[in-house]
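Under my numbering, think of the first position of the first sequence as 10, with each following residue one higher. So the structure is just underneath, and the comments pick up after that.
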Amino acid sequence: MENSEKFKRILVTSALTYANGETHLGHIAGSILPADMYVRYCRLSGYDVIYICGSDEYGTAIEMSAIKEGISPKEIIDKYHFLNKQSYEGLGMSFDIYSRTSTDIHKKNSQDFFKVLYDKGLLYQKSEKQLYSEKEKRFLADRFVIGTCPVCGYEEARGDECENCGSALSPLELKNPRSTITGDTPVVKESTHYYFPLSKYQDSLDKWIISKSDWKPNVVNYCKGWFKTGLQDRAITRDLNWGVPLPVNNSEGKVIYVWFEAPIGYISNTIELFQNSKNPDKWKEYWQSNDTKLVHFLGKDNIIFHAIFFPAMLMAHENYVLAENVPANEFMNLEGSKQSKSKGHAIYVKDVLEKFNPDTIRYTIATNMPENKDTDFYWSDLQAKNNNELGAILGNFVNRTFVFAQKYFEGTVPEANEYLEIDKNIINSIKSYSSSIASYYENYKFKDAVSETMNLVRDANKYFNDTEPWKAIKDDKARCAVIINTCLQLCRSFAVLFNPVLPFSSEKLLRMLNISEEAITWKSAAELKLKAGSKLNNPEILFRKIEDTEIDK
RNA sequence: GCCGGAGUAGCUCAGGUGGUUAGAGCGUCGGAAUCAUAAUCCGCAGGUCGGGGGUUCAAGUCCCUCCUCCGGUACCA
């Protein structure tokens with residue numbers, strides 16, 4: 010489905026990053042890089058697109074991290090918000106805004122959202138028994154209680170499940186329950202919460218998802234599994250200090266459940282994006298028009314929230330557009346096992362940026378993106394892709410072309426006066442490649458998009474070999490001029506077509522070609538825009554070789 | 001346990017509704033070329049598609065079963 014036919018504008022989100030740790034390559038592969046590539050492609054294609062992301066900063070887990078580290082939740086989120094923002098910028102992620110859920114705008118916006126459902130009478134209150142620590146004066150979330158498993162007798166069973174026998178548990182079933190934070194014994198106490206009637210929306214959600222024939226099967230099947238079990242109403246408040254306070258009376262010590270409030274953060278951040286612009290209401294065009302194409306990028310662990318829970322919230326509110334697609338990725342593991350912040354088994358963006366070119370990182374992830382199944386990141390893979398593909402195929406083509414232009418044509422674009430069949434063929438293939446690559450981007454096939462782009466460079470190298478400009482320069486300089494002109498035009502096309510995945514190299518290439526970044530569009534990738542006689546800048550190495558010693562961890 | 005996903009060349013991965021000799025990239029090996037970051041181009045080799053059973057003229061693809069890995073399982077996000 011082409012964007013331009015049905016939609017006037019595109020609204021892209023990447024899953025908000027939970028601000029209790031450093032962002033790692035798993036996040037990049039799952040929800041950030043595909044969105045950034047998609048957005049960059051859309052901008053080049055002239056679509057009206059904005060890209061929203063940010064930090065998710067409330068909830069039990071952050072409060073617990075704060076307790077464990079002996080600092081305030083605010084200190085935790087400040088540390089990781091800015092660190093992660095910086096990491097993303099270092100990797101060239103082109104958010105229109107990367108904000109956070111601890112802003113006043115978000116507080117008001119999520120309270121307003123809650124209030125709308127509340128005023129409609131959709132929410133109801135229910136009282137339930139929970140474990141409460143009198144020592145800490147707090148209710149304990151299931152996973153912060155351990156005790157003896159009633160099924161197998163394992164003494165370290167968690168409140169939500171027993172790791173020993175796999176039984177799903179409720180904390181009230183545990184024998185000898187104790188808090189994982191202080192070790193004291195909690196007591197049973199009643200607490201009243203607001204519930205969102207998710208069960209009422211099952212039919213609408215079911216119809217909605219079945220109508221999405223172009224969604225990935227993993228996402229659709231996952232939702233169908235939930236429907237089969239039957240959706241249950243969900244508590245959307247928590248007894249917690251760290252969160253957005255309930256906007257209703259008599260609710261001290263209660264906050265909005267983070268998974269109710271976090272996706273509203275996409276809306277809040279959009280409001281923030283436009284608040285100081287000429288048209289502060291512009292966010293409404295994106296969120297409240299049916300001709301907006303809303304696309305959520307995320308990892309598979311988030312499907313439930315973006316394909317079921319958040320859409321149901323939006324349906325209940327009635328004023329918002331629903332997602333047009335939820336292209337969820339699987340996970341990118343690290344050398345065979347899962348990346349995890351808590352276990353420290355992860356490649357943090359900050360660390361890898363200190364050593365390697367951001368485009369090398371983007372390319373390595375993009376060419377092995379977990380679109381259909383979990384994939385693995387290997388350091389040896391990063392080295393191989395940098396040296397054998399980026400350096401050898403792309404970098405080398407650009408370099409050998411520029412060296413000719415420098416050496417034999419005074420650093421200018423030589424004239425192309427008469428094309429042979431072989432020249433016309435490669436020029437035509439730019440056209441067909443740029444349209445096939447576009448189609449891959451339109452359909453969220455990022456691995457295919459990138460490998461197809463590299464195939465054009467392979468063809469370009471073949472063209473260079475077959476036309477043998479090193480011979481032409483000796484006996485037919487005009488012929489050599491045609492070849493080098495064509496190769497430079499190809500370089501310009503690469504700057505456009507690789508922009509979504511290799512933005513830094515694209516920029517470098519444009520600088521070498523002496524053209525400005527604003528001047529490029531996807532359509533122009535297939536046009537011969539370089540004028541004969543125009544001056545080139547000195548060539549730079551696009552990808553330096555990575556030595557074996559650099560990847561021995 | 002239950003729901004969902006995955007298991008395909010040495011490595012990393014593609015393979016709508018079952019259909020001719022199962023694909024790509026990288027790696028290996030052989031050749032061509034020598035402009036270029038020794039970088040390119042061409043070619044060969046390499047797979048009983050996790051195990052077993054079944055349906056069918058025909059199964060990587062559909063059904064059953066088993067094994068392994070991953071996500072979720074509703075108060076972690």
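Glycine residues also receive a C-beta, built at the ideal position from the N, C-alpha and C atoms.
Go ahead and label residue i buried or exposed: buried means 16 or more other beta carbons lie within 10 angstroms of its beta carbon, across all protein chains shown.
i              : result
glutamate 172  : exposed
alanine 177    : exposed
alanine 487    : exposed
methionine 10  : Summary for methionine 10: the model assigns pLDDT 43, below 50, so the residue's position carries little reliability; its value from the coordinates is reported in the next sentence. It is exposed - the Cβ of methionine 10 has fewer than 16 other Cβ atoms within 10 Å.
cysteine 161   : exposed
cysteine 51    : buried
tyrosine 133   : exposed
isoleucine 59  : buried
cysteine 174   : exposed
proline 289    : exposed
leucine 6      : The question about residue 6 has no answer, for the chain in this structure spans 10 to 562.
glutamine 348  : buried
arginine 371   : buried
glutamate 477  : exposed
leucine 551    : buried
glutamate 66   : buried
arginine 467   : exposed
glycine 55     : exposed
tryptophan 235 : buried
leucine 429    : exposed
asparagine 285 : exposed
lysine 263     : buried
Given a cut-off of 7 Å, decide if residue j and residue i are closer than it, judged by their beta-carbon atoms.
i                 : j                 : result
phenylalanine 455 : proline 43        : yes
asparagine 437    : lysine 554        : no
tryptophan 251    : glutamate 72      : yes
isoleucine 41     : serine 277        : no
lysine 540        : aspartate 300     : no
serine 108        : glutamate 281     : yes
lysine 544        : threonine 421     : yes
glutamate 461     : serine 445        : yes
tyrosine 210      : alanine 321       : yes
valine 21         : valine 358        : no
glycine 30        : lysine 350        : yes
isoleucine 265    : serine 119        : yes
leucine 511       : aspartate 368     : yes
proline 574       : glycine 156       : There is simply no residue 574 to check, as the chain begins at 10 and stops at 562 in what is shown.
glutamine 139     : phenylalanine 148 : yes
isoleucine 19     : threonine 279     : no
proline 548       : phenylalanine 413 : no
Under the three-state reduction of DSSP, which class applies to residue i: helix, strand or coil?
i              : result
methionine 341 : strand
methionine 10  : Residue confidence is low: methionine 10 scores 43 on pLDDT, short of 50, so the model does not pin down where it sits. No coordinate-derived value is stated.
glycine 308    : strand
tyrosine 67    : coil
threonine 301  : strand
alanine 355    : coil
asparagine 93  : helix
arginine 243   : strand
serine 445     : helix
arginine 501   : helix
leucine 140    : strand
serine 119     : helix
arginine 553   : coil
tyrosine 9     : The requested residue 9 is not part of the displayed model; the chain covers only 10 to 562.
leucine 20     : strand
threonine 476  : helix
tyrosine 27    : strand
glutamate 199  : strand
threonine 189  : coil
glutamine 211  : helix
asparagine 288 : coil
Q. In chain order, which beta strand (DSSP E) runs of at least 3 residues are fully inside the stretch 152 to 179?
A. If only uninterrupted beta strand (DSSP E) runs of at least 3 residues are considered, those enclosed by the stretch 152 to 179 are 154 to 157.
(Q) Closer than 8 Å is the cut-off here; do at least three beta carbon pairs connect the stretch 417 to 437 with the stretch 330 to 350? (A) As far as the Cβ criterion goes, the stretch 417 to 437 does not touch the stretch 330 to 350, which means the pair count is below three.
(Q) Check whether the stretch 254 to 264 and the stretch 72 to 87 touch, using three or more Cβ-Cβ pairs below 8 Å as the test. (A) no
Q) Are the stretch 269 to 280 and the stretch 79 to 95 touching by the rule of at least three beta carbon pairs closer than 8 Å? A) no
Q: Determine contact between the stretch 496 to 503 and the stretch 373 to 391, defined as no fewer than three beta-carbon pairs at a distance below 8 Å.
A: no
Q | At least three beta-carbon pairs within less than 8 Å, the stretch 226 to 235 to the stretch 163 to 171 | A | no
Q) Pairing CB atoms from the stretch 23 to 43 with CB atoms from the stretch 307 to 322, are three or more of them under 8 Å? A) yes
Q: Spell out a yes or no on whether the stretch 328 to 338 and the stretch 422 to 437 are touching, meaning 3 or more CB-CB pairs, one atom from each, closer than 8 Å.
A: no
Q.
Taking contact to mean 3 or more Cβ pairs, one atom from each stretch, closer than 8 Å, check whether the stretch 210 to 220 and the stretch 312 to 332 are in contact.
A. yes
(Q) Which complete beta strand (DSSP E) runs does the stretch 376 to 410 hold, if anything under 3 residues is left out? (A) 384 to 386
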